[in-house]
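Peer 1:
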Amino acid sequence: MSGAARITLLHGGLIAALLALHFVLPVYHHGNMARIMVLASYAVGYNIVFGYTGLLSLGHALFFAAGMYGMGLAVQHLGMGPGAALAIGVAAGALIAGALGLLALRTTGVAFMIVTLMFAQAGYLAILYFGDWTRGDEGFVIARASRVLWGIDLSDPGNRYLAAWALFSAALLASLWLVRAPFGRSLIAIRENEARTVMLGYDTFRLKWAAMVVSGTISGAAGAAYALLFGYAGASFAAVEYSILPLLWVLLGGAGTVLGPFVGTLFMFYLIDLSSGITTAYMLIAGVVLVLLTLFAPQGLMGELRRRFWGWLP
Amino acid sequence: MEIGPYLLLATLEGAVMASVLALTAVGLSLVFGVMRVVNIAHGEFFMLGAILAWYVTQMIGGPPAIGFAVALVAAPLIVGAIAVAADMTILKRLDYDPERTIVATIGLLYIIQQLTLMGYGPEARPVAPPFNTRLALPWFEVKEGALALYWPWGLSTTSYKLAVIGAGVAVLLGVWAMMARTRIGLVMRAVQADRDMALAFGIPVERVYAMVFGIGAALAALAAVLIVPISQAHYLMGADPLLLAFTVVIIGGLGSLPGTVFAAILIGLSDGIISVFFSPTLAKILATLLVALVLVFRPQGLFGARRA
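Chains as they are written, first to last, in numbering that gives the first Met the number 0: chain A, 0 to 313; chain B, 0 to 307.
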């Protein structure tokens, strides 16, 4: 079988399997899976910048929250319909990623990490500061009536699962197409050796900025979809944990692999879900996994799989 | 109160803040300067210092001064030992790669914080200060053409707060003496200047790294023991010192100790005044944006010289 056929079969197979799960999963796991697919879309967006371009951002919660609040505030205060609000959420993610990229990409390495962390923190604090509109930590519920998109009631669990599935499929296929296109190839070149990429005549600043915008758009779409599907927007989604979590998911699943974000999100979600029966300090698990991953498996699950067996994995 | 006495009061509170902040930030700066490692878990070492101070004073009982004196020695030592252990088991194995150590110290942050939550619980608990005499402060006014002292209502501080300022200054002088005057300091500076050359001259670089990481954490813990009788011990108390210490270190110039101390005084003093005019949240927003913009446009810090 040729490489392209194998790749199509594997990724198409996952998408088909997730659709099939809709009909067989018990209620509890059906709900979990819808949430995992939305969060995995966020991780797919993060992977573009971290896994493929090699930029370690600690501020992606800003883009996720931009999508969530762009959507939520448009519905809540501007009285918009869900379709238009969704578009505003996605645009907010792209816009903020573009603006942050222009500033943060002037720095590299550790400074880039701190700059993204600080801007995301400023965004989080701003959400708390404008508590009159955002309701701060408490957040606000998006009324059921404004969650009916094109006649489909997204507060219904079945529709919600299918919407999450559509979002995730789109994100996965977009990222698969992107990293195999010349644009994605040049991002990988930047990750591997930026100086050489510059020497070969690429405008790396513009490429990195484009990667930030694409990543911010996908993250914003995931945030807006989260607000739309689960009917809630809150400041905790803008806090530093939500910048660390996609890093954790992508590291666990395998940075720079198309399937890694989904695999990592799935594993981590169920790890925390299972441990929450034992302790309320669930972020302990996240901390331990982070340390163990950096120590023993910096490639993550899919990365190891690619290194050992499937060299063709994109 | 008039503006004069009010400013004196704000300056005194700011000096307490600055002294604690300088200790925390110098610890962070030392680790970054010598090891080129950004320690995101630094705030958790601060928090551990405060929690341990509570445990020690509870265990010893008796007059608060004795328990506090023991905590002042024991908490930094224990936290330093934990940091050394973390360095040897985690950071050393990552070969101090800057990006991977940041991810690992984020993990460490959650491990320390959540273990504290499980062991110590979510309550905030007070530690009694060893001494706490209220000192009324005089202010002057011009009465019939001559200066006269009077004691305005509300203008006072406590002996403990003055002691914190004094202790902060003493420890900072100690750190400076260690770096400038001792053999250990010389070795640290050698490793900071050129790690490979130091290694070639037979300096055990890895042991120096472990020691620096331990000293940095111990300084944060010491700062926390000093402040815990004024605030309280809580498992989430590490976040604000981390943010402020970052602000100080970056504005003072990464890895520069005099710049760090200067920035700590500036930020500590201005924090009180900013909080008067703006809400604390807005003050924090401005501080984080300042850090980010300084890193983008003046990466050598506001006071640092441009490095090649």
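The beta carbon of each residue, even a glycine, is placed where N, CA and C say it ideally should be.
Please give me, in chain order, every unbroken run of the alpha helix (DSSP H) with length at least 4 that falls completely inside the region 143-230 of chain B.
Peer 2: The region 143-230 of chain B contains these whole alpha helix (DSSP H) runs: 158-180, 182-192, 194-199 and 204-226.
Peer 1: Check the DSSP bridge columns for Ala280(A) and list the partner residues they point to.
Peer 2: Among the bridge pairs identified by DSSP, Ala280(A) is matched with none.
Peer 1: Should Glu43(B) go down as buried or exposed, given a rule of 16 or more other Cβ atoms within 10 Å for buried?
Peer 2: buried
Peer 1: For Trp138(B) and Ala145(B), what's the separation of their Cα atoms in angstroms?
Peer 2: 14 Å
Peer 1: Can you look up Asp272(A) in the DSSP assignment and give me helix, strand or coil?
Peer 2: In the three-state scheme derived from DSSP, where H, G and I count as helix and E and B as strand, Asp272(A) is classed as helix.
Peer 1: Looking at Ile126(A): is its Cβ nearer than 8 Å to the Cβ of Tyr41(A)?
Peer 2: no
Peer 1: Can we say the region 225-235 of chain A touches the region 188-198 of chain A, given the rule of at least three CB pairs closer than 8 Å?
Peer 2: no
Peer 1: Grab me the residues of Ile202(B)'s own chain with a C-beta within less than 8 Å of its C-beta, minus the 5 sequence neighbours each way, in chain order.
Peer 2: Val186, Ala189 and Val190
Peer 1: When you compare the CB of Ala103(B) with every CB in chain A, is at least one pair closer than 8 Å?
Peer 2: yes
Peer 1: Please identify, using Cβ separations under 9 Å, the residues of the region 208-237 of chain A that lie next to chain B, in order along the chain.
Peer 2: none
Peer 1: Is Phe139(A) helix, strand or coil by DSSP?
Peer 2: Judged by DSSP in its simplified three-state form, Phe139(A) adopts strand.
Peer 1: Does the distance between the C-beta of Phe212(B) and the nearest non-hydrogen atom of the ligand FAD fall short of 7 Å?
Peer 2: Among the ligands in the structure shown, none appear at all, so the ligand FAD cannot be discussed.
Peer 1: Who are the neighbours of Leu124(A) on chain B, taking C-beta pairs under 9 Å?
Peer 2: What Leu124(A) touches in chain B: Thr280, Leu281, Lys283, Ile284 and Thr287.
Peer 1: For the region 136-156 of chain A, which residues have a CB atom closer than 9 Å to at least one CB atom of chain B, in sequence order?
Peer 2: none
Peer 1: Per DSSP, what are the beta-bridge partners of Arg124(B) in this structure?
Peer 2: Ala232(B)
Peer 1: Which residues in the same chain as Leu11(B) place their Cβ atom closer than 6 Å to its Cβ, once the five residues preceding and following it in sequence are excluded?
Peer 2: Thr156
Peer 1: Per the DSSP calculation, Val26(A) is bridged to which residue(s)?
Peer 2: None; Val26(A) has no bridge partner.
Peer 1: Should Leu11(B) be flagged as near chain A, meaning a C-beta pair shorter than 8 Å?
Peer 2: no
Peer 1: For my contact list, Val249(A) and Phe49(A) are in at a C-beta cut-off of 8 Å; report their separation, rounded to the angstrom.
Peer 2: A Cβ-Cβ separation of about 6 Å places Val249(A) in contact with Phe49(A) under the 8 Å criterion.
Peer 1: Check the Cβ of Pro298(B) against every Cβ in chain A and list those closer than 8 Å, keeping chain order.
Peer 2: Thr106 and Ala110
Peer 1: Residue range of the alpha helix (DSSP H) that Ala40(B) falls in?
Peer 2: No alpha helix (DSSP H) contains Ala40(B), which DSSP labels as neither H nor E.
Peer 1: Tell me, to the nearest whole angstrom, how far the beta carbon of Leu124(A) is from that of Ile250(B); I am working on the premise that it is less than 8 Å.
Peer 2: Not confirmed; about 18 Å, so no contact.
Peer 1: Looking at the structure shown, is Ala74(B) part of a helix, part of a strand, or coil, going by DSSP?
Peer 2: helix
Peer 1: Do you know offhand how far Thr133(A)'s Cα is from Val140(A)'s?
Peer 2: 11 Å
Peer 1: Verify the CB distance criterion: does Arg99(B) have a CB-CB separation below 8 Å to chain A?
Peer 2: yes
Peer 1: Would DSSP call Asp155(A) helix, strand or coil?
Peer 2: Here Asp155(A) sits in coil by DSSP.
Peer 1: What is the DSSP secondary structure of Tyr231(A), counted as helix, strand or coil?
Peer 2: strand
Peer 1: Residues of chain B with CB closer than 8 Å to the CB of Leu294(A), please, in chain order.
Peer 2: Ile89, Arg92, Leu93 and Ala103
Peer 1: Determine, for Glu303(A), whether the minimum Cβ-Cβ distance to residues of chain B falls below 8 Å.
Peer 2: no
Peer 1: Under a Cβ-count criterion, where at least 16 other Cβ atoms within 10 Å of its own Cβ denotes burial, should Met267(A) be classed as buried or exposed?
Peer 2: buried
Peer 1: Select from the region 248-270 of chain A all residues with a C-beta closer than 8 Å to any C-beta belonging to chain B, and list them in chain order.
Peer 2: Leu250
Peer 1: Looking at chain A, which residues of the region 188-217 of chain B have a Cβ within less than 7 Å of any of its Cβ atoms?
Peer 2: Interface annotation for the region 188-217 of chain B against chain A: empty, criterion Cβ-Cβ distance under 7 Å.
Peer 1: Return the residue from the list Leu294(A), Gly253(A) and Leu265(A) that minimises the CA-CA distance to Pro313(A).
Peer 2: Residue Gly253(A) holds the alpha-carbon nearest to the alpha-carbon of Pro313(A) among Leu294(A), Gly253(A) and Leu265(A).
Peer 1: Please report the residue range of the beta strand (DSSP E) in which Ala135(B) lies.
Peer 2: Arg133 to Ala135
Peer 1: Inspect the beta-carbon positions of Leu247(A) and Val288(A) and report whether they are closer than 8 Å.
Peer 2: yes
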